[in-house]
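All residue numbers for the sequence shown refer to the numbering used here, where the first residue is 343 and numbers rise by one.
Quick reminder that beta carbons are idealized off the backbone N, C-alpha and C, glycines included.
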Amino acid sequence: MTEYWVSQGNKWCDLCKIFISNNPFSIRTHELGKRHKDNVTQRLSTMQKDGAAKEKEQQQAAKALQLIEAKAKKSYQKDLENNQRNTDGDSSAAPGEGLFL
């Protein structure tokens, strides 16, 4: 049986957006190159900035939620006090009648 040529194909580098010959020497040469190293550094810094921005956004959302809950609790307490005053002053009405229309 005779041997025949088989293509090794190409390897895609996501960072550099290029194809590289799919052999160890070409891959190693590319990964040790300045362009690839610069792209790795840039990708890492972008990921770090995105992570920090996402964390800051989550903290702001949590703070806003706490503020909303505090205002709602304060409003609820105020409503309870008003309701208590209304029921104490109007003893002729049956419980639950006329309070909310």
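Beta carbon of residue i nearer than 7 Å to that of residue j
i	j	result
residue 357	residue 377	no
residue 352	residue 364	yes
Contact belief for residue i with residue j at Cβ below 8 Å, rounded distance in angstroms
i	j	result
residue 360	residue 368	Going by Cβ atoms, the distance from residue 360 to residue 368 rounds to 11 Å, so no, they are not a contact pair.
Neighbourhood of residue i by C-beta, 7 Å cutoff - its chain only, sequence neighbours within 5 removed
i	result
residue 349	none
Checklist entry - What beta strand (DSSP E) runs, 3 residues minimum, are completely inside the stretch 352-378? => result 352-355, 360-363
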